[in-house]
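4 protein chains.
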Amino acid sequence: MIQFCLVGAGFIGPVHAANLAAHTGARLAWVVDLNLPAAKALADRYGARAGSDLAAALADPAVDAVIICTPPRTHSPIIEATARAGKAIFCEKPIDLDMAKVDACGRILQQTRTPFFVGFNRRFDPTHRALHDAIRAGEIGRPEMLILSSRDPEISPPDYVAAMPYGIFYDTMIHDFDMVRWLLQDEPVEIFARTACMLDAKENPHRDPDTAMVVLKMAGGALVHINSSFRAVYGYDQRIEAFGEKGMLISGNQQATTVERHGRDGIRRDPLLYFFIDRYTQSYRRELDAFVQAIAANAAPPIGFDDGRRALMIAEAGVQSAKTGVPVALSA
Amino acid sequence: MIQFCLVGAGFIGPVHAANLAAHTGARLAWVVDLNLPAAKALADRYGARAGSDLAAALADPAVDAVIICTPPRTHSPIIEATARAGKAIFCEKPIDLDMAKVDACGRILQQTRTPFFVGFNRRFDPTHRALHDAIRAGEIGRPEMLILSSRDPEISPPDYVAAMPYGIFYDTMIHDFDMVRWLLQDEPVEIFARTACMLDAKENPHRDPDTAMVVLKMAGGALVHINSSFRAVYGYDQRIEAFGEKGMLISGNQQATTVERHGRDGIRRDPLLYFFIDRYTQSYRRELDAFVQAIAANAAPPIGFDDGRRALMIAEAGVQSAKTGVPVALSA
Amino acid sequence: MIQFCLVGAGFIGPVHAANLAAHTGARLAWVVDLNLPAAKALADRYGARAGSDLAAALADPAVDAVIICTPPRTHSPIIEATARAGKAIFCEKPIDLDMAKVDACGRILQQTRTPFFVGFNRRFDPTHRALHDAIRAGEIGRPEMLILSSRDPEISPPDYVAAMPYGIFYDTMIHDFDMVRWLLQDEPVEIFARTACMLDAKENPHRDPDTAMVVLKMAGGALVHINSSFRAVYGYDQRIEAFGEKGMLISGNQQATTVERHGRDGIRRDPLLYFFIDRYTQSYRRELDAFVQAIAANAAPPIGFDDGRRALMIAEAGVQSAKTGVPVALSA
Amino acid sequence: MIQFCLVGAGFIGPVHAANLAAHTGARLAWVVDLNLPAAKALADRYGARAGSDLAAALADPAVDAVIICTPPRTHSPIIEATARAGKAIFCEKPIDLDMAKVDACGRILQQTRTPFFVGFNRRFDPTHRALHDAIRAGEIGRPEMLILSSRDPEISPPDYVAAMPYGIFYDTMIHDFDMVRWLLQDEPVEIFARTACMLDAKENPHRDPDTAMVVLKMAGGALVHINSSFRAVYGYDQRIEAFGEKGMLISGNQQATTVERHGRDGIRRDPLLYFFIDRYTQSYRRELDAFVQAIAANAAPPIGFDDGRRALMIAEAGVQSAKTGVPVALSA
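Protein chains in written order, with the numbering used here: chain F, 1 to 332; chain W, 1001 to 1332; chain S, 2001 to 2332; chain V, 3001 to 3332.
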């Protein structure tokens, strides 16, 4: 039974807490949040202890692992403290927004030999996983082009956006950068990016890019396109298309039911599932299970520090390309 | 070059006329209709002669073949006259509504050795044909169940309905009875039918059945279901599902475009093609071509008199079952 | 917290046990099975008590409710004992195979005012539920035809089949009979059924019907078709199509992923989910939740004794029609 | 009745000849090809005159219009001669490969006031047209992103490729550049392109780019992605996706039938139509009809010289970007 401390009671925290509660090999022991009432509310639901002081939780010898789901800029000190306390780490992406801090984390993790997992949950989505397995099994031969649609139904609140400029790279497409590396088992050597502000001033007061198109060139020669938006009114649009010498694979969207409605104006099916909580329910459960199994088996978690660092590096280069208007080289 | 006389300028007549005009091996020589102006209007469009007297056209030695597309109750005298004149016959279904008349036609056709074709056009629809070929190729092993949806978007005008009571059997499902025989290469030994009047008195003043469900038992053991309606507001609904020991084949509906529209309320595609003229455009062309090729090659047309007679026999038994409420046996 | 005793550790028992374990308002207290090791194995997984004697469990005052998932022929004595012990009942369908016993159960349930629920889980499937809600909301106006495909991927083991002749009616289509009543909010007044043995002697040694077609006439006039098979090699085929004056609704099948594979030979998608455990995962969870909520609120469970009795009555009449070859009247 | 001279009996020539023959308002009078036997073979099929000397045909006062379907590098002298002869011009794309020659043609066309049409047939495809109409009708509000997949099933023969380096821009994506302008009613201000040689040396001996990804920035702000390949083994893959503030529209691919095949390994549908002849049958007919109608009505053809010139200009800039590795600006 792996005992967890969850840091960050908001946003994705409750999802991880519920999955921990339902997991037969894990237990939620602590919830830590600077906002103590929020920590308490979540902890009480699952019979866990609550606190606003991470040190107290880390001092609890019962705690085996920490799930970090606080805002990205707070990750590195939490990673450092947790690593020094000798607990395994499940960290939401991105590791941090500042590459220097990420590298500092990397050094500490290495020194302390801390098991570290980055929450790129999409790798655990059954449909994306089936696409991955089909590519790896050679169904389309050599992959030549990859096209990813990565669109959110709505933009985050203004203060969240303000805290992470170019979040469409750091927070959203970072998932796609990871998917590209995972699906192609290859590294990009160049990124070109173009962004736009399509939302109006009310929805996007900080005029941070809310729309983006990216072209990546991979070391092995494959070409990759990613498009992203913060306003797909029809739901969470998450498609991946892999084109190769022997065919094409498409990982499509998902809907709540399979009902078809035939009327005078056509055939209507359900809208797409609305957002990541709806679409990636299973992938959150499965990534947690993968982490628990790795820790229980004393094995390396299946997505490591370098995966998190690489994805951030691509995001950084993408932002640079978007700002300068020219392609940016990446070392494979 | 096979020269045709078309009898019946209304309804499906213009479709056949246009297909004749576009066919490189055929020519429309005559249009005959009791309504002479209608005959003229159609004939003029294609440089053909027009008349209201069938005898005159049949006396024209240039005429090789006659297409009969008048109302069903007028078919038998036209068939007889045409056979006696030594011309090949392309006859719209049903051959006639009266089995005694049909049998009389059969005797004359046999005596005169007249090439005879019944216009069960659906056998020439590419999608139904692909289903047929897949069954015959053994893709689903022995076919065990067949389910046909046969729904028109609207009911015929009241006088048309009055002229052919139980038209849902004689005019509509007669196509399905033919499809069942063709797809399974087997004959039914029993039919059970239930009908209903679902349309209101304004749409269906004669209270002729406008909705029907049928179960057939085939000599070889397969079970067949057909459902039919005269009011599918969403378009011409023509599906066939073949279930067998090794799988299932579905011949689905068709739409004008493949456009998908994603909005807040779901994903919308085009409605179904509206009616048989829209859906079976290709099958009308191909059945004519099959007839022309057979005549040109002095071969038997691919759908013969017995096919037309058998389908009528099943329709008759279906009407009897619908009226008596019990299954009716058919001799295979 | 509602405490449960589960009777019958095999087959569907473990599904209910797992759902009870995950439910925040319920607890699995007892597992009873004549096969004590089986009861123990299941009970141990969830920290429950195990026994082979139902009386002992029913004597436990902590037990609030009993889930009956033993073979159908054993249901009535368990129902009676449970009702006399004053516990609420969640009973798998069918209530029993013998109408006299069912009626005896009904009298006892009424005398003891025992809350009783029949496990017609399909009513809780999100897709079928969406179809139901759309019909009830008037999306297709008056429903005129209902077509249900109800096909299992494989036949049950020979001894299971031997214990329940005509199980395709009593065990499989009984679900569809319930769906028809629920979707149309109407009762059938006539049933016609035809069956066949399509499986070979090895798969179906008792030559019990493995294939069936049914036509129902409803009191309100709607026509219903059900087709069923015990060998859909392509997976669990569970479709419902509702046709009405304003359109058509289809509740379609489900697949594990949305991956599309484009190759030279066409476009391939996943096969259907294999069987009911795969397809109806959510509906089992939701039906349990509905029962728990009803018991907790002291309200009548949403599917009652009469629903179970009616479905059995239709199944009985269907078997009679299949045996006699003529339609059988049902009192609405 | 508009009388045509067709120049170029190979490749797409026979398609235009057949459409002319079937058109009630047009007639094929001449077929001209340097290869006289080829001209004769095609001309004989439709009762037209054949020649290897364009001047003779242009001297025929019966000829109203000329369809140019020779290789691109031969277009400009034919355009000039035809314009000087006072005949209307239907010219296959691209107008020419050399912008200076295109501009020279433009001057002559203007001087001679010659009606000029460029054969961007995709504008007449019913599905793309429906997408266009939906965008123009405001169904998705302001279009923000456009994604085009433009993939051929096979590469052209080596000598064809050798005659037109970077043909993936000049011959294939030039269609997409036109679609972008037509769908968005806007001009690009920047293009970025990356290409690759994915085919092996046997298929692509000249190592001309056979794979490409493009990003366009439009004057109005929209972002556009095009991806293209010369080897989609699964058929002619021609999709357009328009994303906007109110939703998304997708113009999908097409298949020969709607048959679904359900087996143990999944659900299989037909492959895509194989190539442009199969997919764009209707659009070739409709573009000819649009041209005939314009000429008959003395109106300007619906796709003019400037449309052809603009598309070439974008292709040229794309090639430059692909060669230099940086984005290239375009004047809107």
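C-beta: ideal position from N, C-alpha, C; glycine also.
Keep in mind the model is a prediction, meaning the values are calculated, not measured.
- Note that the C-beta distance between I174/F and N204/F is not below 8 Å.
- Taken in chain order, the complete beta strand (DSSP E) segments of 3 or more residues contained in the segment 2103-2128 of chain S are 2116-2118.
- Separation of the CB atoms of I1079/W and E1245/W is rounded to 42 Å, and the pair is thereby denied contact status at 8 Å.
- A distance below 6 Å between beta-carbons, with the five flanking residues on each side excluded, links P2301/S to the following residues of its chain, in chain order: P2115, F2117, F2291, A2294.
- Taking a beta-carbon distance threshold of 8 Å, K93/F does not count as an interface residue toward chain V.
- With fewer than 16 other CB atoms across the displayed protein chains lying within 10 angstroms of its CB, Y3160/V is exposed.
- Less than 8 Å divides the Cβ of F3243/V from the Cβ of M3145/V.
- For M3145/V, the chain F residues whose C-beta falls within less than 8 Å of its own C-beta are T211, M213, N227, S229, listed in chain order.
- At a beta-carbon threshold of 7 Å, the residues of chain V lying near T1257/W are P3126, T3127, A3130, ordered along the chain.
- A Cβ-Cβ distance of about 47 Å is found for the pair I1250/W and E3190/V, leaving them out of contact under the 8 Å criterion.
- Sequence-distant Cβ neighbours of A2081/S in its own chain, meaning closer than 8 Å and more than five residues away, are L2054, A2055, L2058.
- Segment contact: the segment 201-219 of chain F against the segment 1005-1022 of chain W, fewer than three CB-CB distances shorter than 8 Å; contact not assigned.
- Burial is judged here by how many other beta carbons sit within 10 angstroms of a residue's own beta carbon; T258/F has at least 16 and is buried.
- Taking 7 Å as the Cβ-Cβ cut-off, the segment 1261-1291 of chain W approaches chain F at H1262, G1263, R1264, D1265, G1266, I1267, R1268, R1269, D1270, P1271, given in chain order.
- Cβ-Cβ distances below 7 Å link E316/F to M99 in the same chain, with the five nearest sequence neighbours on each side left out; the list follows chain order.
- Under the Cβ criterion of 8 Å, Y1234/W is counted among the residues facing chain F.
- When secondary structure is reduced to three states using DSSP, R1207/W falls in the coil class, being assigned neither helix nor strand.
- No Cβ-Cβ contact shorter than 8 Å links L3273/V with G3247/V.
- Residue state for E2154/S is assigned as coil, using DSSP reduced to three classes.
- One alpha carbon belongs to G2106/S, the other to A2222/S, and they sit about 29 Å apart.
- If you draw a 10 Å sphere on the C-beta of G2318/S, you find 16 or more other C-beta atoms in it, and that means buried.
- Residues of chain W with a Cβ closer than 9 Å to the Cβ of G3247/V are, in chain order, R1261, H1262, G1263, R1264.
- Using a CB distance cut-off of 8 Å, A196/F counts as an interface residue toward chain V.
- Proximity of chain S to Q293/F at the Cβ level (cut-off 9 Å) is not reached, the minimal Cβ distance being about 19 Å.
- By the neighbour-count criterion, in which 16 or more other beta carbons inside 10 Å mark a residue as buried, G1138/W falls on the exposed side.
- The C-beta of V1326/W comes closer than 8 Å to at least one C-beta of chain S.
- The residues I2191, A2317, Q2320, S2321, in chain order, have a CB closer than 6 Å to that of V2328/S in the same chain once the five nearest residues on each side in sequence are set aside.
- N3298/V has a beta carbon lying at 8 Å or more from every beta carbon in chain W.
- DSSP places S3052/V outside both helix and strand once states are collapsed to three, so it counts as coil.
- Contacts with chain S at 8 Å (Cβ-Cβ) include K1217/W.
- Not a single unbroken stretch of the alpha helix (DSSP H) spanning 4 or more residues falls wholly within the segment 196-243 of chain F.
- Nearest neighbour of T2172/S by Cα position, chosen from K2202/S, R2142/S, F2275/S, M2001/S, turns out to be F2275/S.
- In the structure shown, F1177/W adopts helical secondary structure according to DSSP, grouped into three states.
- About 6 Å separates the beta carbons of Y3280/V and N3121/V, which is inside the 8 Å limit, making them a contact pair.
- Here the alpha carbons of P188/F and A2296/S stand approximately 57 Å from one another.
- Contact with chain V is absent for A1222/W, since none of that chain's Cβ atoms lies less than 8 Å from the residue's Cβ.
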